[in-house]
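Contents: one structure, followed by commentary.
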Amino acid sequence: MRRSILTAVFGLAASSLSSAQPAFEIASIKPVAGDILATRPTRSGGRITWTTELSYLISYGWHLQFPFISGAIPHASIFRVDAVTDPDATEDQIRLMFQSLLKERFKLVTHQVTKEADGYALSVGKSGLKVKEAKTGDTPPPLPEWVRGVSVSAFEGGISATLPEKGVTAVTGRRVSISKLVDTLRQVLGGKMVWDQTGVTGDYYFAFRYASDDNPEVDAPSLASALRENLGLELKKQKGPVEMLVVDSMEKEPTAN
Amino acid sequence: MFLAKNSLHRRTFLRGAGAVVALPLLDSMVPAFAAGPKPISRIAFVYTANGIIMRDWTPAQEGADFEYTKTLKPIEPFRNQTLVLSGLEHHNGESLGDGAGDHARAGATWLTGVHPKKTEVDIQNAISVDQILATEIGRQTPLPSLELGLEDVRLVGGCDSGYSCAYSNTLAWSSPTTPLPYETNPRAVFERMFGDGETTDKEARAMRSRENRSLLDFVLADASRLSTSLGATDKRKMSDYLDSVREVERRIQKAEEQNAAANPVPALDRPDGIPPTFEEHIQLMYDLMTIAFQADLTRVITMMYSREGGNRTYRSIGVPDAHHGLSHHMNDPAKMARLQLIDMHHVNMLSHFLGKMQDARDGDGSLLDHSMIVYGSSLSDSNRHLHDNLPVLLMGGGNGKLRPGRHVRYPKPTPMTNLYLTLLDMMGVHEEKIGDSTGKIQHLSEV
């Protein structure tokens with residue numbers, strides 16, 4: 019089990035150590051005035067733009083949330099990234115490109131340590147998955163009532179967690195992988211580690227709501243119940259090894275474009 | 073107050089090429105041997121987005137002897153000008169069957185009190201309370217109202233779960249379908265206030281830039297002439313006032329120089345005239361707001377620190393996290409601590425405004441004595457998107473109509489719009505209903 023966790027969680031980071039780490043075809047990064055940032059990049063085909071802060075760049079590049087990153091990250095500036103890559107590049111490849119960019123332009127040096135931490139394991143329940151894999155040509159199911167008013171196309175290929183009513187969180191996934199769901203669960207669980215033990219590949223449509231408050235008056239199941247009833251997935255507390263990224267050194271400003 | 077025998081009209085302007093500068097209230101404007109003029113009431117609405125850590129905001133005690141909480145500590149020097157109001161709510165910010173979109177609804181509801189239509193196209197809200205005031209009393213001033221902000225909000229389309237960006241781009245609505253854009257550039261605000269009334273007069277502004285001279289140089293001749301007929305007190309007041317105007321302009325010019333030097337291609341990231349840091353920006357805006365009130369250029373101002381869902385970082389206080397993301401702290405103590413720093417920082421910036429307003433003399437009192445400043449957010453706990461028990465400060469003396477220095481808790485449910493209805497009444501505007509109001513609230517002017 020430990021081996022599978024390590025493979026799943028550290029696969030991306032480990033691949034960054036390979037000599038053939040992908041890089042952007044063209045990349046400009048420069049400090050900009052102001053304090054307002056975006057928390058994720060904007061992508062249009064092969065063009066990627068992002069005005070953000072170094073910790074967000076590292077978090078995205080290594081696919082780790084802030085609690086799993088430590089060390090000397092300078093917070094002196096907001097940076098604007100304009101990059102070009104192959105329009106067909108996957109998101110995982112783009113994360114690696116951001117790693118390359120940070121290493122090259124900010125002289126970023128990191129190492130990884132493993133710590134034991136509390137988290138959750140997500141696995142397929144005894145009755146199997148309750149959602150069907152989305153196939154090309156399938157008619158997408160209607161959007162759930164809590165995202166009424168949003169165009170279907172705006173949601174396609176994405177996942178969101180919203181608060182549709184007091185004390186309730188609703189998760190809507192539209193043709194997304196279980197690993198995307200795991201990312202979202204890490205967020206709604208306050209940055210706790212969630213280990214994907216489902217072994218499930220493919221993309222799915224799913225929607226569920228759960229009580230995010232302890233308030234007993236909230237009319238919604240717990241997160242674990244909602245996952246079990248709607249997706250056939252089991253969420254259980256677990257301790258396990260967590261890979262932490264430690265920033266050893268990093269320049270405040272990038273080298274010239 | 074010194075009463076001069078010859079009086080100047082209240083709306084006396086210093087005129088120069090391309091510039092008109094209204095004067096503050098001088099003794100000479102008071103008719104000789106008459107009672108002092110009735111002080112003018114002003115009102116400002118200041119919005120901080122993404123909720124508040126309420127446990128660090130709400131005083132434990134009610135009444136006059138409340139203890140300042142961690143977040144409110146920066147305004148403790150203004151205890152005698154403070155009303156902390158708890159228990160108010162915006163029920164129409166709730167989903168009411170419309171699902172997600174609390175941030176958009178929060179922004180849209182704060183000054184209207186109605187449930188905005190969930191749409192990305194045919195927006196429907198209501199006239200906001202500041203614009204009700206602008207319509208009713210705005211004719212008495214050169215500018216009916218000022219709508220100011222710090223975030224360049226030109227987002228279009230959908231911004232929050234099916235709600236148009238218009239709902240979170242602004243707080244001010246002149247009609248149910250007309251959101252008013254915010255001015256974020258202090259330079260533009262300054263020109264709107266002190267230009268010749270036509271901001272399209274580019275030649276005059278270009279000439280100023282070429283000659284690199286202060287805008288006020290154009291009116292100094294008038295000022296000199298007028299000064300000869302003023303008493304000593306008025307001369308000092310006018311000198312102080314002109315100095316403060318010149319200081320604001322100097323800082324704007326400095327900001328533009330900094331912009332040009334640091335970022336030769338600022339593009340959308342930093343338009344000319346906007347200071348490079350949040351702190352400089354808000355303080356400059358607050359200085360402009362003070363002068364606008366002082367010169368009676370307007371009596372109604374709305375200021376939006378950031379849009380709902382905004383992602384400003386506050387690295388100057390050690391918070392590199394994006395504000396909205398941090399507001400969904402999932403009860404993580406470390407995140408809550410950083411969010412509280414932002415809340416307190418915002419209040420600290422408010423204290424700058426309060427200080428300026430208190431220092432600005434206005435008749436027999438200060439501008440702060442004669443003003444009401446509503447400060448707050450349309451969400452309380454942003455982590456859970458709660459629209460009740462909102463954080464509300466009512467600062468200032470309200471021209472004698474408020475009895476500040478207290479923490480007042482209202483029973484549930486008390487609509488926020490009841491407060492607005494009461495404040496309108498104090499401003500001399502008598503509406504029967506605003507949004508979901510059910511009547512006026514008590515205890516603002518009495519214990």
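In order, the protein sequence lines correspond to chains A and B.
The first sequence begins at 19 in the working numbering and counts up by one.
The second sequence begins at 73 in the working numbering and counts up by one.
Virtual Cβ for every residue (Gly too), placed ideally from N, Cα, C.
{"Check": "Please confirm if threonine 180 of chain A has its CB atom under 9 Å from at least one CB of chain B.", "Outcome": "yes"}
{"Check": "Use the C-beta contact count for glutamate 161 of chain B: other C-beta atoms within 10 angstroms, 16 or more gives buried, fewer gives exposed.", "Outcome": "buried"}
{"Check": "Please list, in chain order, the residues of the region 174-198 of chain B that have any C-beta partner in chain A closer than 7 Å.", "Outcome": "Asp174, Lys190 and Thr191"}
{"Check": "Do we get a CB-CB distance below 9 Å when we pair glutamate 235 of chain A with the residues of chain B?", "Outcome": "no"}
{"Check": "Closest to valine 501 of chain B by CA distance: which of B:Tyr119, B:Ile204 and B:Trp245 is it?", "Outcome": "B:Ile204"}
{"Check": "When the Cα of asparagine 471 of chain B is compared with those of B:Lys512, B:Ile414, B:Arg371 and B:Glu148, which residue comes out closest?", "Outcome": "B:Arg371"}
{"Check": "Hey, does glutamate 71 of chain A have any beta-carbon neighbour from chain B nearer than 9 Å?", "Outcome": "yes"}
{"Check": "Cβ of methionine 126 of chain B less than 9 Å from any chain A Cβ?", "Outcome": "no"}
{"Check": "Taking C-beta pairs closer than 7 Å, name the residues in chain A that proline 392 of chain B reaches, listed in chain order.", "Outcome": "Glu71, Ser73 and His93"}
{"Check": "In chain B, which residues lie less than 7 Å from glutamate 183 of chain A when you measure between Cβ atoms?", "Outcome": "Ser167"}
{"Check": "Proline 49 of chain A: which of A:Gly258, A:Arg58 and A:Thr70 sits nearest, CA to CA?", "Outcome": "A:Thr70"}
{"Check": "Inspect the beta-carbon positions of leucine 251 of chain A and isoleucine 196 of chain A and report whether they are closer than 9 Å.", "Outcome": "yes"}
{"Check": "Measuring alpha carbon to alpha carbon, tell me which of A:Pro92, A:Thr67 and A:Leu75 ends up nearest lysine 270 of chain A.", "Outcome": "A:Pro92"}
{"Check": "For alanine 334 of chain B, which three-state DSSP category applies?", "Outcome": "A caution first: alanine 334 of chain B carries a pLDDT of 40, below 50, which makes its placement in the model unreliable, though a value can still be read off. It is helical."}
{"Check": "Can you find the residues in the same chain that come closer than 6 Å, C-beta to C-beta, to proline 146 of chain B, ignoring five residues on each side of it along the sequence?", "Outcome": "Val419, Asn420 and Ser423"}
{"Check": "Quickly, what does DSSP pair glutamate 261 of chain A with across the bridge? List them, please.", "Outcome": "A:Thr132"}
{"Check": "Confirm, please, whether the CB-CB distance from leucine 465 of chain B to leucine 243 of chain B is below 9 Å.", "Outcome": "no"}
{"Check": "Are there three or more Cβ pairs, one per stretch, closer than 8 Å when the region 72-89 of chain A is compared with the region 143-162 of chain A?", "Outcome": "no"}
{"Check": "In whole angstroms, what is the alpha-carbon distance linking proline 40 of chain A and glutamine 83 of chain A?", "Outcome": "22 Å"}
{"Check": "Distance cutoff 9 Å, beta carbons only. Does glutamine 412 of chain B sit that close to anything in chain A?", "Outcome": "no"}
{"Check": "So that I know if they touch, is there some Cβ in chain B lying closer than 9 Å to that of valine 200 of chain A?", "Outcome": "no"}
{"Check": "Below 8 Å, can you find three or more Cβ-Cβ pairs linking the region 92-106 of chain A to the region 226-244 of chain A?", "Outcome": "no"}
{"Check": "For a test of your reading of the model: does the CB of serine 443 of chain B fall under 8 Å from any non-hydrogen atom of the ligand ATP? Yes or no.", "Outcome": "Questions concerning the ligand ATP fall outside what the structure shown contains, since it holds no ligand whatsoever."}
{"Check": "For alanine 116 of chain B, which of B:Val201, B:Asn241 and B:Val193 has the nearest alpha-carbon?", "Outcome": "B:Val201"}
{"Check": "What distance in whole Å lies between the Cβ atoms of methionine 429 of chain B and aspartate 439 of chain B, which are believed to be in contact at a cut-off of 8 Å?", "Outcome": "According to the sequence displayed, residue 439 of chain B carries leucine and not aspartate. With 8 Å as the limit, leucine 439 of chain B and methionine 429 of chain B qualify as a contact, their Cβ atoms being about 4 Å apart."}
{"Check": "Taking only beta-carbon positions, decide if isoleucine 96 of chain A is within less than 9 Å of chain B.", "Outcome": "yes"}
{"Check": "Does the beta carbon of arginine 478 of chain B come closer than 9 Å to any beta carbon on chain A?", "Outcome": "no"}
{"Check": "Go ahead and pull the three-state DSSP assignment for glutamine 153 of chain B.", "Outcome": "helix"}
{"Check": "Starting from the C-beta of serine 178 of chain A, find all residues in its chain whose C-beta is less than 6 Å away, skip the five residues before and the five after it, and write them out in chain order.", "Outcome": "Thr190"}
{"Check": "Within 9 Å (strictly less), CB to CB, does histidine 417 of chain B reach chain A?", "Outcome": "no"}
{"Check": "Closest to valine 236 of chain A by CA distance: which of A:Val200, A:Pro182, A:Val218 and A:Leu207 is it?", "Outcome": "A:Pro182"}
{"Check": "Mind checking if isoleucine 76 of chain A is an interface residue toward chain B, Cβ cutoff 9 Å exclusive?", "Outcome": "no"}
{"Check": "Determine whether the Cβ of glutamine 386 of chain B lies closer than 9 Å to any Cβ atom of chain A.", "Outcome": "Checking the sequence shown, residue 386 of chain B turns out to be tyrosine, not glutamine. For tyrosine 386 of chain B, the answer is yes, since a Cβ of chain A falls inside 9 Å of its Cβ."}
{"Check": "Taking CB distances under 9 Å as the criterion, tell me whether phenylalanine 84 of chain A reaches chain B.", "Outcome": "yes"}
{"Check": "Using three-state DSSP, classify isoleucine 354 of chain B as helix, strand or coil.", "Outcome": "helix"}
{"Check": "Rounded to the nearest angstrom, what separates isoleucine 513 of chain B and asparagine 122 of chain B at their Cα positions?", "Outcome": "26 Å"}
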